[in-house]
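Peer 1: Numbering (my numbering), first residue to last: 9 to 231. The beta-carbon is built from N, C-alpha and C at its ideal position, and this holds for glycine as well.
Here it is in structure tokens:
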């Protein structure tokens, strides 16, 4: 009887086989190569914009700085469109049956964002705020153009993701390759939204007086 009891308990005492973690952000495996690669790329992008932002803050203290005109409505529209793209991709990453529709909505919002940005450029240039008009204008077009290039890269990635087999046919709880790609794409669009909000604040809300007050508060001599 003791032998039979030990035999029955042995399977329960054996350690469970190792299972890789799949509870990462958006259903992506925490330590997948694609996830690590995306996070590495996003850190590099953030550092790039951070360095340009620091250069902007340093240059704004010079006497030849010219404040930008009033924010055109196209930029408010583009902000809403980018937020819509981020929300659509997040919903798509939840792997609902209608994933393809949300991916398409996110892609359309992203395309409209880029077109709205180009329209804002034309409006500002018509107001005399062309790239060569002042150092501030040069920074504006450089920073928004750099963000637009990353948005264009995200659009290309979104098209490739939507063209992959299995996209739009995943069910709840499915963590297949198609769902992983959608989740990674959604994370990238979240980053683009955060970067745009930071740029919007930097370009239209940060003034030379604010920078001088900040430098005085931390003990940095102004120009």
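Kindly indicate the opening and closing residues of the alpha helix (DSSP H) around residue 99.
Peer 2: It spans 81-101 - the alpha helix (DSSP H) in which residue 99 sits, taken as one unbroken run.
Peer 1: For residue 111 versus residue 65, is the C-beta spacing smaller than 8 Å?
Peer 2: No, they are not a contact pair.
Peer 1: Pull up the distance between the alpha-carbon of residue 213 and that of residue 74, whole angstroms please.
Peer 2: Distance between the alpha carbons of residue 213 and residue 74 is about 13 Å.
Peer 1: In this structure, does DSSP put residue 70 in helix, strand or coil?
Peer 2: Residue 70: coil per DSSP, three-state reduction.
Peer 1: Look at residue 162 and residue 118 and say whether their C-beta atoms are less than 8 Å apart.
Peer 2: Cβ atoms of residue 162 and residue 118: closer than 8 Å.
Peer 1: Just to confirm, is the Cβ distance from residue 77 to residue 116 under 8 Å?
Peer 2: Contact flag unset, no.
Peer 1: Which residue marks the beginning of the alpha helix (DSSP H) containing residue 122, and which one marks its end?
Peer 2: Looking at the DSSP string, the run of the alpha helix (DSSP H) that includes residue 122 is 107-134.
Peer 1: Note the first and the last residue of the continuous alpha helix (DSSP H) segment covering residue 161.
Peer 2: Element bounds for residue 161: 143-170.
Peer 1: So, helix, strand or coil for residue 188, using DSSP?
Peer 2: In the structure shown, residue 188 sits in a helix (DSSP, three-state: H, G or I).
Peer 1: Out of 72, 42, 69, 89, point me to the one whose CA is closest to residue 1's CA.
Peer 2: Nothing about residue 1 can be read from this structure; the chain reaches only from 9 to 231.
Peer 1: Alpha carbon to alpha carbon, how far is residue 180 from residue 139?
Peer 2: Confidence at residue 180 is low in this model, with a pLDDT of 45, below 50, so the placement of that residue should be treated as unreliable; the coordinate-derived value is given next. Roughly 48 Å separates the two Cα atoms.
Peer 1: DSSP three-state label for residue 64, please.
Peer 2: Residue 64: helix per DSSP, three-state reduction.
Peer 1: In angstroms with no decimal places, state the Cα-to-Cα distance between residue 52 and residue 102.
Peer 2: Going by the C-alpha atoms only, they are around 27 Å apart.
Peer 1: For a test of the three-state rule: what should DSSP assign to residue 206, helix, strand or coil?
Peer 2: Three-state result, residue 206: helix.
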